[in-house]
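Chains as they are written, first to last, in our numbering: chain A, 166 to 426; chain B, 1422 to 1998.
Glycine included, every Cβ here is placed at the ideal spot set by N, Cα and C.
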């Protein structure tokens, strides 16, 4: 199974300038951030699904389908405990289910799912090298940009390592499944320590290997691949600006809230 | 012995010269390197050998300024490329002069395509795009990866990844390339690929420094430097250094097996190939030349080597097939039995299904088809923890198992999970620590121990549960000769004590010297299951599977006999004299 999300396709999103792609990620986060109403979140959700289809990223969305479902379901459920407004449909000491609590919880769940969706879309269409270039063009120093983009590559490796460590502990009779939530979390310390130690070793090895490849010699390294700005990039940037502005207006006019002002 | 006193002209003509390199790590009290000096002629291939902690990697890092620039600590001495001192360069500046390839190929690849990986170092030094494009093709051509430009490096095999790392270094056209144990984590095919590449680079006149544990791999080097305790213990041609058995023993280096045969035959001398060893022997003992025809010895040795199936197997696998989600078939219709007291080696290329098979036995994976029976019970209905006291699994990387603050806590972790009484835990774990030779470090932090010691901690932590079957995944990878011998002596003793052993390995000599039975895997299928002598007699099968037959066995074949160790071969040859 591939551990990275990038898909080497040739869609127009893949061919956008890295700066536009990084800006697109930011705009999607921005747009989702301003609104709570699930209905207001539908257009951007549909936009993501369309983009997933035309970029060929659908298979990554499918791969993470359970994460999307769990995010929406658990968030909706959780807000039944904390959101106590609206005429109750069911009201006990702990659970308050109302149309408002369901809408709010569901909206929050969709919001989180769309943040995840934007990330999956971005990582499916953007190489880590482009991420570095994009950040660099936006004023982030090359070293910082490289470190951020490298972190995206390392997360799947650390996840893989964590699964192996869980297996190793299970084979010595360690029971991760019994006990309450806090108890189970505490048991995962046995996983965190080796993952952390492994991460330190790997980070040290990588840092050495980077130095040995000349990393840090210049603040603005040259790039093998040319990234010219094209009319397509300008059009995409304009569309992104319109999307960001539109969502800000939805927020500003109150249509993004659960109940319009 | 420090033979680093070269003449001034030799040093000036050298591709690289190191003078009086002394270094102490920032958290250490004793130096890791002490006054190391040597000069390397242009186009020379220098092999550096030594036990773990002898200073090999430290020396490599001194050569490209990672020491002291990256590591800190106290450094003294001068490294020169030609006449130019690297003294005032940062490590990233020295990269263009001294290229470095590390053991951990995963940690030195940063890009999402092969061509971007090769370009990475060129980008860092600010090379013009046109020049990068000009250098890209020849660098990939040199390592045999032309046509791979757009491949994702993560999709390459281990050997290909290491060749890619070499290509990215070659693209900078450094004066020297230092390869720090470049094949330790590779399977035999990957090793062969990398050493074939090293041979080609040498023919092109590149100056190479190769650090290795395995003596066989460096037999064709121009020169070998042996480090011991941070000092140069020997420096000379392989013919001299690799025939000094006392020196090799003192420095914990496994003597080349062909040289050992010549030594035991009373001939002495150096042989860097099976042909040369054969010629030397028949020259000294012409009567042995006539004994080649006795090829029936191979067949009879193989025939007598059949391992019958146990009447009461511990593990019975029937028709086992398994695929990872979205992946190809990892195991295809496997039948296998493992009896009490077996010593089984599972061999095959990376991706052949060895580890997947082991994970099926311990219950970390469930079969898609077929079944795994453990002591007559279907494995599918048992959780891994339920059988941890019967079957234990030691992972390839001991750091995946270690999580406690002290060795004692680590070893007692398993028994505590099973709620054993304290006095029982005390008794068992004390015994186990004694068995693995770690009693003295019971209160130490396991993460601060050497890899060999961490490997033994991992073994001890599962032995404390007193399993009847122990599965070891690459138990000697990354260990030096002494640590390998110590680990395998422990494993052999456990087997003699009645524990069945399953050892996943790439090392032919381990199979030859320790295992009694071999299973060869390829693309998820079991190609061979039988005795060790019978296995090494399968010439065509082994060639097809890229499994390297130990040199001693190859030499034995030339004399029409089957031998697994140098002692074994010499005994057989002497019988004929």
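Legend entry - C-beta atoms of residue 1648 of chain B and residue 1469 of chain B nearer than 8 angstroms: yes
Legend entry - Per-residue contacts from residue 1529 of chain B into chain A (C-beta, under 7 angstroms): 374
Inset, instruction - Find the nearest neighbour of residue 364 of chain A within the set A/320, A/399, A/290 and A/228, judged by alpha-carbon distance. - result: A/320
Inset, instruction - Report the rounded CA-to-CA distance for residue 1664 of chain B versus residue 1939 of chain B, giving the unit in angstroms. - result: 32 angstroms
Inset, instruction - Use the C-beta contact count for residue 369 of chain A: other C-beta atoms within 10 angstroms, 16 or more gives buried, fewer gives exposed. - result: exposed
Inset, instruction - Report yes if the CB atom of residue 1782 of chain B is closer than 8 angstroms to the CB atom of residue 1768 of chain B, and no otherwise. - result: no
Legend entry - Near-chain A residues of the segment 1839-1859 of chain B (beta-carbon distance less than 8 angstroms), N- to C-terminal order: 1839
Inset, instruction - Please name the residue, chosen from B/1885, B/1436, B/1622 and B/1741, that lies closest to residue 1845 of chain B on a Cα-to-Cα basis. - result: B/1885
Inset, instruction - Answer with yes or no whether the minimum CB distance from residue 370 of chain A to chain B is below 8 angstroms. - result: yes
Inset, instruction - Using a cut-off of 9 angstroms between C-beta atoms, extract the partners of residue 380 of chain A located in chain B. - result: 1513, 1516, 1531, 1541, 1542 and 1545
Legend entry - residue 1978 of chain B in three-state terms, based on DSSP: helix
Inset, instruction - Starting from residue 1821 of chain B, follow the alpha helix (DSSP H) in both directions and report where the run begins and ends. - result: First-last for residue 1821 of chain B: undefined, no H or E at that position.
Legend entry - Limits of the unbroken alpha helix (DSSP H) element including residue 1835 of chain B: 1828-1838
Inset, instruction - Could you work out which residues of chain A lie near residue 1583 of chain B, taking near to mean beta carbons separated by less than 9 angstroms? - result: In chain order: nothing, as chain A lies at least about 12 angstroms away.
Inset, instruction - Check whether the Cβ of residue 1548 of chain B lies closer than 8 angstroms to any Cβ atom in chain A. - result: yes
Inset, instruction - Identify every run of the beta strand (DSSP E) within the segment 1582-1648 of chain B, keeping only runs that are complete inside it and at least 3 residues long; order them along the chain. - result: 1597-1601 and 1628-1632
Legend entry - Cutoff 8 angstroms: residue 1821 of chain B Cβ touching any chain A Cβ: yes
Inset, instruction - To the nearest angstrom, report how far apart residue 1424 of chain B and residue 1450 of chain B are at their CA atoms. - result: Note that residue 1424 of chain B scores a pLDDT of 43, beneath 50, so its modelled location is shaky; the value from the coordinates is reported in the next line. Cα to Cα, the separation comes out at about 26 angstroms.
Legend entry - Cα-Cα separation between residue 1418 of chain B and residue 279 of chain A, rounded to whole angstroms: The shown model of chain B, from 1422 to 1998, leaves out residue 1418 of chain B, and the question about it has no answer.
Legend entry - Any 3 or more C-beta pairs closer than 8 angstroms across the segment 339-352 of chain A and the segment 1494-1505 of chain B: no
Legend entry - Inter-residue Cα distance where the pair is residue 1479 of chain B and residue 1582 of chain B: 24 angstroms
Inset, instruction - Would you mind telling me which residues of chain A sit closer than 9 angstroms to residue 1882 of chain B, beta carbon to beta carbon, in chain order? - result: 337
Inset, instruction - May I have the straight-line CA-CA distance separating residue 1937 of chain B from residue 1669 of chain B, to the nearest angstrom? - result: 28 angstroms
Legend entry - First through last residue of the beta strand (DSSP E) which encompasses residue 1447 of chain B: No beta strand (DSSP E) contains residue 1447 of chain B, which DSSP labels as neither H nor E.
Legend entry - Same chain, Cβ closer than 8 angstroms to residue 1534 of chain B, five either side skipped, listed in chain order: 1570, 1571, 1572, 1573 and 1574
Inset, instruction - Just grab the DSSP bridge partners of residue 398 of chain A for me. - result: Answer is none; residue 398 of chain A lacks a bridge partner.
Inset, instruction - Pick helix, strand or coil for residue 1993 of chain B, following the three-state DSSP scheme. - result: helix
Legend entry - Of the listed residues B/1867, B/1833, B/1942 and B/1546, nearest to residue 1752 of chain B (C-alpha basis): B/1942
Inset, instruction - Tell me, please, which residues DSSP counts as bridged to residue 1459 of chain B. - result: B/1439
Inset, instruction - Counting only the same chain and skipping the five closest in sequence on each side, list residues whose C-beta sits under 8 angstroms from that of residue 262 of chain A. - result: 245, 253, 254, 255 and 256
Inset, instruction - Determine the direct distance from the alpha carbon of residue 382 of chain A to that of residue 1934 of chain B, and round the result to whole angstroms. - result: 50 angstroms
Legend entry - alpha helix (DSSP H) runs contained entirely in the segment 1927-1953 of chain B, provided each spans 4 or more residues: 1929-1935
Inset, instruction - Express the C-alpha separation of residue 1869 of chain B and residue 1859 of chain B in angstroms, rounding to a whole number. - result: 13 angstroms
Legend entry - residue 355 of chain A: contacting residues in chain B (beta-carbon distance under 7 angstroms): 1824
Inset, instruction - Could you work out which residue in B/1875, B/1814, B/1694 and B/1466 is closest to residue 329 of chain A when comparing CA atoms only? - result: B/1814
Inset, instruction - Give a yes or no on whether the minimum CB-CB distance between residue 332 of chain A and chain B is below 8 angstroms. - result: yes
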